[in-house]
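J.:
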DNA sequence: TATTATACATAGATAACCGAGGTATAAGGA
DNA sequence: TCCTTATACCTCGGTTATCTATGTATAATA
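Chains as they are written, first to last, in our numbering: chain A, 91 to 206; chain B, 91 to 206.
1. If the cut-off is 7 Å on Cβ atoms, which residues from the segment 115-134 of chain A count as contacting chain B, listed in chain order?
2. So, with DSSP's three-state summary, where would you put residue 205 of chain A?
3. Starting from residue 153 of chain B, follow its DSSP beta bridges and name the residues at the other end.
4. How would you list, in chain order, the residues of chain A whose beta-carbon sits under 7 Å from the beta-carbon of residue 170 of chain B?
5. Strictly under 9 Å for the Cβ-Cβ distance: is residue 182 of chain A near chain B by that measure?
6. Would residue 133 of chain B be called buried (16 or more neighbouring beta carbons within 10 Å of its own) or exposed?
7. Using 8 Å for Cβ pairs, my map puts residue 66 of chain B next to residue 192 of chain A. What's the rounded Cβ distance?
8. So residue 146 of chain A contacts chain B; which residues on that side make the cut at Cβ distance below 8 Å?
9. Taking the Cβ atom as the reference point for each residue, do residue 143 of chain A and residue 124 of chain A lie within a distance shorter than 9 Å?
10. For residue 194 of chain B, list the residues DSSP reports as bridge partners.
11. Under 9 Å between C-beta atoms, does residue 192 of chain B make it to chain A?
12. Determine which residues share a DSSP beta bridge with residue 230 of chain B and list them.
13. Can you tell me which residues form a DSSP beta bridge with residue 164 of chain B?
14. In the DSSP assignment, the alpha helix (DSSP H) including residue 146 of chain B goes from what residue to what residue?
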């Protein structure tokens, strides 16, 4: 991770939900996807992501299921739930509102205000 | 605080440095200023801000000094140091880069890319 | 053969923020 | 007068998030 631990906080679930909203994915795949989609900015450690996925499953945002891959190896896929979709929308709003507020304080442009 | 603890992480020092770059301020004043500048989004608790100021002083980003107010009460003002100004620039870049990366992952616009 | 990539998982350390509490003064209303 | 609110500083303990390190196992590659 290139950023301080701090900055990540709170945006992790938003990003994972975003990815799972597009298609079902397994843990390792999510890590790679976050890496590439962020322009190599977010290199999540496994020790970070797996506990997050378990937490999200406990919260009923996602549901995990085992599926065999072509190579015969079993992977644990996650799919977003209706609850998770609702949460995704809430987190997206929260993120926009947060980013907008930070920018107001530090004197950046009022990005995000259109969605708040 | 309206946001999850998580989201704040890492942006606190950036925002405080931003305010102190404009003028010297004391703790309580910073809390009020963050509140008003953010459109009442950031209501920092004293239990959050004071330790942050102490940490920043330890890191030599700011320097505290006591000054008497008109009413005779003594306040602890903080002024940003040269080190702090450098840090401010670094944190500003980091924030833009971070916000941009999150938006790329969640499919928002590429805000911040111009400054990265 | 050794290393790297894939793929899952947990335990302990570290750090950040918050809630709650403490101290003290001053102003304003009941 | 008393009580509440605002100002103004501070610390302790709890919760939570992330990282490091470690463990397991297989397959591909050097």
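Note that the Cβ used here is the ideal one computed from N, Cα and C, for glycine as well.
T.: In terms of the structure at hand:
1. 124, 127, 128, 129, 131 and 132
2. Residue mapping note: residue 205 of chain A aligns to position 115 of the first chain, counting from 1. With a pLDDT of 37 at residue 205 of chain A, under the threshold of 50, the modelled position of this residue cannot be trusted, and the question is left open.
3. The count along the second chain starts at 1 and reaches residue 153 of chain B at position 63. Per DSSP, B/169.
4. What you label residue 170 of chain B is simply residue 80 of the second chain in a count that begins at 1. Those within 7 Å of residue 170 of chain B in chain A number zero; the least Cβ separation is about 13 Å.
5. Position 92 of the first chain, counted from the start, is the residue given in the question as residue 182 of chain A. Chain B, which has a Cβ nearer than 9 Å to the Cβ of residue 182 of chain A, makes this yes.
6. On the second chain, position 43 is the one that residue 133 of chain B refers to. So residue 133 of chain B ends up on the exposed side.
7. Since the first residue shown for chain B is 91 and the last is 206, residue 66 of chain B is missing from the structure and cannot be characterised.
8. As a first step, residue 146 of chain A is located in the first chain; it is residue number 56 there, counting from the start. Correct list: empty, because the minimum Cβ distance to chain B is about 14 Å.
9. If you number the first chain from 1, residue 143 of chain A lands on position 53. If you number the first chain from 1, residue 124 of chain A lands on position 34. Against a cut-off of 9 Å, the Cβ pair of residue 124 of chain A and residue 143 of chain A comes out as no contact.
10. Counted from its first residue, the second chain places residue 194 of chain B at position 104. In the DSSP output, where bridge partners are listed per residue, residue 194 of chain B has none listed.
11. As a first step, residue 192 of chain B is located in the second chain; it is residue number 102 there, counting from the start. True, the Cβ-Cβ gap to chain A drops below 9 Å.
12. Given that chain B is displayed from residue 91 to residue 206, the structure contains no residue 230 of chain B and the question cannot be resolved.
13. Residue 164 of chain B sits at position 74 when you count from the first residue of the second chain. Per DSSP, B/158.
14. Taking the second chain and counting its residues from 1, the one referred to as residue 146 of chain B is at position 56. Residues 136-148.
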